[in-house]
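**Student:**
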Amino acid sequence: MGAIVQDNFRIRKSFAKAAPLIDIPNLIEIQKRSYAKFLQLDVDPAKREDVGLQAVFKRVFPIKDFNESASLDFVKYEIDAPKYDVDECHQRGMTYAAPMKVSIRLI
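Under this note's numbering, residues 59 to 165 are what the sequence shown spells out, in order.
1. Return the CA-CA distance between Ser161 and Leu130, expressed in angstroms with no decimal places.
2. Buried or exposed: where does Arg106 fall if 16 or more other Cβ atoms within 10 Å of its Cβ makes it buried?
3. By Cβ distance below 6 angstroms, which residues in the same chain neighbour Phe115 in space, the five residues on each side in sequence not counted?
4. What does the Cβ neighbour count give for Asp112, buried or exposed, with the cut at 16 atoms within 10 Å?
5. What are the boundary residues of the beta strand (DSSP E) that includes Glu136?
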């Protein structure tokens with residue numbers, strides 16, 4: 059009977075007759091890394107790669123009017139810190155959210 063310990067979680071005892079063949083991957087960590095790559099929060103707005111949210115904005119903009127006399131160009135986006143933490147949002151029955159500011163230029 060082997061015990062499996064993962065970070066700060068409860069110890070799981072295995073009653074299986076065969077030993078586990080592979081380790082269980084941390085699926086939450088995979089999603090967190092993917093989300094961080096999508097948002098690129100730790101990268102300076104001028105140095106962001108064309109992946110994730112940056113690529114979406116680059117693909118949508120520029121937006122031009124019918125006569126092409128005016129155009130909206132994407133400059134950058136910023137995501138501010140959330141107003142409340144996760145526990146406080148849960149207590150208030152609110153959604154955990156952070157404000158996103160998008161800078162655009164009218165030409």
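We put the beta carbon where it would ideally sit given N, CA and C, even for glycine. Since the model is a prediction, treat every value here as computed from it, not as a measurement.
**Tutor:** Well, looking at it:
1. Numbered from 1 along the sequence shown, position 103 holds the residue referred to as residue 161. Numbered from 1 along the sequence shown, position 72 holds the residue referred to as residue 130. Spanning the two alpha carbons is a distance of roughly 10 angstroms.
2. Translated into the one-based positions of the sequence shown, residue 106 becomes position 48. With 16 or more Cβ atoms within 10 Å of its Cβ, Arg106 is classed as buried.
3. For this step, residue 115 is matched to residue 57 along the sequence shown. Phe132, listed in sequence order.
4. Your numbering for residue 112 matches position 54 in the sequence shown. Looking at the sequence provided, one finds Gln at residue 112 rather than Asp. Classification of Gln112: buried, given that the 10 Å Cβ count is 16 or more.
5. Within the sequence shown, the letter at position 78 stands for residue 136. First-last of the beta strand (DSSP E) with Glu136: Ser129 to Ile137.
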